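Worksheet for the structure shown next.
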Amino acid sequence: MRKKMKISNWSLSNKTSIFVLLFIVVIAGFVAYVNLPVESFPQIKQPVVFVSVPYIGVSPSDMETLVAQPIENKLKEISKIKKMTSTSREGFSNIVAEFESDIDIDEAVRKVREKVDQAKPDMPDDIEDPIVQEINFENIPIMLVSITGQQSLVRLKKIAENLQDEFKQIPGVLDVNISGGLEREVKVNLNPARLQYYKLGVNDVIDAIKQENTTIPGGSVESGNLKYTVRIPGEFSSIDELKNVVVK
117 MRKKMKISNW SLSNKTSIFV LLFIVVIAGF VAYVNLPVES FPQIKQPVVF VSVPYIGVSP
177 SDMETLVAQP IENKLKEISK IKKMTSTSRE GFSNIVAEFE SDIDIDEAVR KVREKVDQAK
237 PDMPDDIEDP IVQEINFENI PIMLVSITGQ QSLVRLKKIA ENLQDEFKQI PGVLDVNISG
297 GLEREVKVNL NPARLQYYKL GVNDVIDAIK QENTTIPGGS VESGNLKYTV RIPGEFSSID
357 ELKNVVVK
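When you read off a place in the sequence shown, starting at 1, and then add 116, the result is the number in our numbering.
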């Protein structure tokens, strides 16, 4: 009790010293606050590996049974996996494996890739190659957009590409990526008998198509203070153009 009274009496008798001490504490706190490093997206070092497996046209339940479960069963054999989650939707499955913090990320990726390869015999033969990669928290997307509809996958991907161009024009957007969908392809069937009759090989046809299906740079044109780049489009825009290619 006497000690508390001594402190109180000293404080009352040395008001100037108390105010100076309080001022120093406030200034030190302000300086520390100003110089304290603050990041909107601080660097996080946590070994997390992401596995993505596309399988176009397969229902979520089948993706879970045919794809996610075989991979999960193999990944469970890896030590130091702290947490594992999977998400299956129509056409793809995602598996996220979070490791203990003391494991090297390159080693974690290698182990996951090995187990995914071991799981392939337990999955359908026509499945696409699984994608195994490290999750970089600095590059995690802030928004995911899914495009669905009654249109074909080719048409939906075209819509996604148009949106990609629009999103890239937004200030502050670093990158926009597209996954899924289908690319339009044209299959050319050759008649071996006619190739032999005209003394042509398969490579002759391939070279002829490549030469015709290309855009040629045409230099540049200056008009006053402006300079325009000239390109001569030559890519096929219809099946008829492909049919009319002269091989030799």
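Note that the Cβ used here is the ideal one computed from N, Cα and C, for glycine as well. Computed from a predicted structure; not experimentally measured.
Item                                                                                                                         : Value
Classification of TYR171 by the beta-carbon crowding that lies within 10 angstroms, buried from 16 upward                    : buried
DSSP state of ILE355 mapped onto helix, strand, coil                                                                         : helix
Residues that GLU214 bridges to, as DSSP identifies them                                                                     : VAL164 and LYS199
PRO170 in three-state terms, based on DSSP                                                                                   : strand
Beta-carbon contacts of LEU272 that lie in its chain and below 7 Å, excluding the five residues immediately before and after : ILE263, GLY265 and GLY297
Spatial distance of VAL169 from VAL261 (CA atoms)                                                                            : 18 Å
Local Cβ density within 10 Å of SER372, reported as buried at 16 or more and exposed below that                              : Nothing can be reported for residue 372: it is not among the residues displayed for the chain, which extend from 117 to 364.
Presumed contact (8 Å Cβ cut-off) between VAL165 and ALA213, rounded CB distance                                             : 5 Å
Residue(s) in a DSSP beta bridge with SER209                                                                                 : VAL169 and SER204
CA nearest to the CA of LEU269, picked from ALA224, LEU358, ILE251 and SER295                                                : SER295
Between the CA atoms of TYR313 and ILE325 - distance to the nearest angstrom                                                 : 20 Å
Through-space distance from ILE247 to GLN162, alpha-carbon basis                                                             : 19 Å
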